[in-house]
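Right, one structure below, let's go through it.
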Amino acid sequence: MKTDPFWTDQFPHPADLPVMANLPDQVDVAIIGSGYTGLNAARVLAKAGATVAVLERHTIGWGASSRNGGMATPGIKRPIKQIYAQYGRDYAHQFWQASLDAIDLIDQLVREEGIDCDWQRNGHIALAAKASHFESQNQSRQWLKDEFGHETTLVAPGDLHSEIGSNVYFGGLADNYSGGLQPAKYVFGLARAAAKHGVHLCENADVQRIERLPTRFLVHTSNGSGTQSVNAKEVLVATNGYTDRLVPALKPKIFPVGSYIIVTEPLPPDLQQKLSPKGRMFYTTQNFLHYFRLTPDGRMLWGGRNNLSVDLDPQQSARRLRASMTHAFPELADTPLTHTWTGQLGLTFDLMPHIGRVEGIHYAFGYCGHGLSIATYVGTEVGKLLAGQISRSPFQEISEDVRFFYRNRPWFLPFAAQYYRFKDRVG
Ligand SMILES: Cc1cc2nc3c(=O)[nH]c(=O)nc-3n(C[C@H](O)[C@H](O)[C@H](O)COP(=O)(O)OP(=O)(O)OC[C@H]3O[C@@H](n4cnc5c(N)ncnc54)[C@H](O)[C@@H]3O)c2cc1C
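Count the sequence shown with my numbering and you get residues 6 to 432, in order.
Okay, structure coming up:
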């Protein structure tokens, strides 16, 4: 079983991706991180006439943007009812609409930039892990319709076989707005689009220090054997789950959580049809949820958070994930797994993405495992803000939540994991 992501194994870093051997001397904007956030911001800025360098520690798209489940679903991680209760009706509508626009934005990008990434809007279904969750789903369906005019379909337990070939769920809530794609194809497509608009893509450019000059910044990078710097008017940190202490003031705002995925070998067409008759994206309703789908080439992809840590052994993760997968789909008990891998999510304490600025340095992050569409959108927003094309974003207006007990190391995660497992058992 391979321990690198299936997506990049299937579609490796294109040899002809135009990456620069050297950093440019000077740019308008230096962007740190080459995932959906950084590349979308870069694309918008370059189209607006700015000179932009994307600085990536590893290779383009190396982070979560080539490792994820490829599922784009409405909403952001924080439940929309909680957003409504905390920020009020007006903001709830802005955030909800942004989450729908984010999915439409993928449509637009794929079309405008000609990105071939197997994007299909087959919808998703949230699967009730308990009977009580199904009752809540019924209330949610009504509320989404009354408050936002958003249509979803409640699927009773007896009808679930039209959606999924499994007997372990208690019904579900289906939403046709969602879509799925091949993440590596998408991120490399975005990189190619950004380069076409003039963005300098710089790999092996590990940003180690940001030096403040009177009116600009000097961004120092290392490639292991030497150092290079780029002089930039503005700097954007787009490192989400890989945010470290490069800008110490950012560290307390976000912490990394591991997410883990396995895929099987391709399934026979009749089994694919039985397990996922509509080609939906699936996730379950617990705190420790599972997310799964068929890949475009007909494998079962099955993901989950395991114990929240970022360093679980991939073979051990595969054993755990296989056990939960075969609980849902006993037919897959003997199906060989081909890949097991992990990547880091960026969690904020309020489960909200944020756009902000500290010590003159811009940042955009905090998608909490929901970043395929939202990072695409927030990256685009921050690009437009920096280009002066828009003057505000709701993601920069809400306050941020930091906790006195977290400055550097997320020591509290094992305790949080136990707490949420307990809640899943009793809730
Ligand atoms: C296993 C997994 C499954 C997921 N599934 C889904 C899903 O199905 N749907 C969904 O919506 N979301 C999902 N997500 C979340 C989604 O992938 C992320 O929210 C999104 O990719 C974040 O994009 P980003 O550009 O902000 O960060 P990333 O793509 O993580 O990019 C950050 C980059 O910053 C680079 N970097 C960090 N520090 C430095 C430095 N000092 N110098 C230079 N470069 C640096 C890193 O190397 C990295 O490449 C999943 C995530 C994981 C890990």
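Even for Gly, the Cβ is constructed at its ideal location relative to N, Cα and C. Being a predicted model, the structure only gives us computed values, none of them experimental.
In angstroms with no decimal places, state the Cα-to-Cα distance between residue i and residue j.
i: Ala35; j: Ser322; result: 36 Å
i: Gln288; j: His295; result: The identity of residue 288 in the sequence shown is Tyr, whereas the question assumes Gln. Computed Cα separation, rounded: 6 Å.
i: Leu159; j: Leu178; result: 5 Å
i: Ala97; j: Leu350; result: 24 Å
i: Tyr425; j: Phe417; result: 12 Å
i: Asn172; j: Asn143; result: 20 Å
i: Ile130; j: Trp307; result: 15 Å
i: Ala254; j: Pro162; result: 48 Å
i: Tyr106; j: Tyr182; result: First, the amino acid is wrong: residue 106 is Asp here, not Tyr. Spanning the two alpha carbons is a distance of roughly 10 Å.
i: Asn311; j: Thr290; result: 15 Å
i: Pro4; j: Arg214; result: With the chain covering 6 to 432 only, the question about residue 4 has no answer from this structure.
i: Pro399; j: Lys279; result: 42 Å
i: Val407; j: Ile366; result: 18 Å
i: Tyr41; j: Leu218; result: 29 Å
i: His202; j: Pro188; result: 21 Å
i: Leu186; j: Gly374; result: 16 Å
i: Val57; j: Arg126; result: 32 Å
i: Glu152; j: Gly393; result: 32 Å
i: Thr64; j: Gly371; result: 22 Å
i: Leu114; j: Tyr411; result: 37 Å
i: His166; j: Arg83; result: 29 Å
i: Ser145; j: Phe139; result: 10 Å
i: Val88; j: Leu241; result: Contrary to the premise, residue 88 reads as Ile rather than Val in this sequence. When rounded, the distance between both Cα atoms is 26 Å.
i: Leu352; j: His359; result: 11 Å
i: Thr345; j: Gly376; result: 21 Å
i: Thr300; j: Glu216; result: 44 Å
i: Ser141; j: Gly93; result: 21 Å
i: Pro415; j: Asp275; result: 45 Å
i: Gln401; j: Asp14; result: 36 Å
i: Arg298; j: Ala338; result: 17 Å
i: Arg397; j: Asp95; result: 15 Å
Nearest CA to the CA of residue i: which residue from the options?
i: Gln99; options: Pro162, Asp112, Leu114 and Ile81; result: Ile81
i: Leu132; options: Thr13, Asn292, Asp112 and Gly348; result: Asn292
i: Gly68; options: Val315, Arg408, Val32 and Ile120; result: Val315
i: Gly66; options: Ser104, Asp30, Ala134 and Tyr191; result: Tyr191
i: Asp180; options: Gly128, Ala200 and Ser141; result: Gly128
i: Leu251; options: His166, Arg146 and Glu364; result: Glu364
i: Lys150; options: Ala210, Gln113 and Ile85; result: Ile85
i: Asn45; options: Glu118, Tyr182 and His155; result: Glu118
i: Asp112; options: Thr381, Phe420 and Arg214; result: Thr381
i: Thr340; options: Ser71, Trp346, Ala243 and Arg324; result: Arg324
i: Thr78; options: Arg285, Phe420 and Gly308; result: Arg285
i: Thr343; options: Gly371, Arg304 and Asn312; result: Arg304
i: Leu391; options: Ala55, Pro301, Val235 and Asn27; result: Ala55
i: Asp123; options: Asp95, Met357, Gly194 and Arg72; result: Gly194
i: Pro29; options: Arg72, Asp406 and Ser234; result: Ser234
i: Pro419; options: His166, Met357, Phe400 and Val262; result: Val262
i: Thr347; options: Pro319, Ile360 and Leu337; result: Pro319
i: Gln91; options: Gln401, Ser70 and Asp355; result: Asp355
i: Gly74; options: Glu402, Ile403 and Ser378; result: Ser378
i: Glu405; options: Gly246, Ala421 and Gly361; result: Gly361
i: Ile266; options: Ala26, Leu60, Ala196 and Ser71; result: Ser71
i: Arg197; options: Asp14, Thr13 and His18; result: His18
i: Gly231; options: Phe222, Tyr247, Asn209 and Leu223; result: Asn209
i: Gly38; options: Leu22, Ala422 and Asp211; result: Asp211
i: Ala53; options: Ala243, Trp101, Gly309 and Ala199; result: Ala199
i: His357; options: Asn236, Lys258 and Val24; result: At residue 357 the sequence reads Met, which differs from the His that was named. With distances taken between Cα atoms, Met357 lies closest to Lys258.
i: Ile108; options: Gly184, Asp302 and Thr220; result: Gly184
Please classify residue i as buried or exposed, where buried requires at least 16 neighbouring CB atoms within 10 angstroms.
i: Tyr368; result: buried
i: Thr269; result: buried
i: Ser428; result: According to the sequence provided, residue 428 is Lys. The question's Ser does not apply to it. Classification of Lys428: exposed, given that the 10 Å Cβ count is below 16.
i: Ile395; result: exposed
i: Thr8; result: exposed
i: Phe409; result: exposed
i: Gln147; result: exposed
i: Val431; result: exposed
i: Gly154; result: exposed
i: Glu239; result: buried
i: Ala103; result: buried
i: Pro10; result: buried
i: Glu61; result: buried
i: Asn245; result: buried
i: Ala20; result: exposed
Does any C-beta atom of chain C lie closer than 8 Å to the C-beta of residue i?
i: Val242; result: Among the protein chains of the structure shown there is no chain C, as only one such chain exists.
**Asked** Mind pulling the beta strand (DSSP E) runs of 3 or more residues that sit fully within the stretch 289–313?
**Response** The qualifying runs are 295–299 and 305–309.
**Item:** In chain order, each beta strand (DSSP E) run of at least 3 residues that lies wholly inside the stretch 183–231
**Value:** 205–207, 211–217 and 222–227
**Message:** With a threshold of 8 Å, are at least 3 pairs of Cβ atoms found where one atom belongs to the stretch 37–51 and the other to the stretch 378–392?
**Reply:** When Cβ pairs closer than 8 Å are counted between the two stretches, the stretch 37–51 is seen to touch the stretch 378–392, the count reaching three or more.
**Item:** Segment contact, 8 Å Cβ cut-off, at least three pairs: the stretch 320–334 with the stretch 222–241
**Value:** no
**Request:** Please specify which runs of the alpha helix (DSSP H), each continuous and at least 4 residues long, are wholly inside the stretch 18–74, giving them in chain order.
**Result:** 41–52
**Request:** Any chance you could list the alpha helix (DSSP H) runs of at least 4 consecutive residues sitting entirely within the stretch 136–184, in chain order?
**Result:** Qualifying alpha helix (DSSP H) stretches, in chain order: 136–153.
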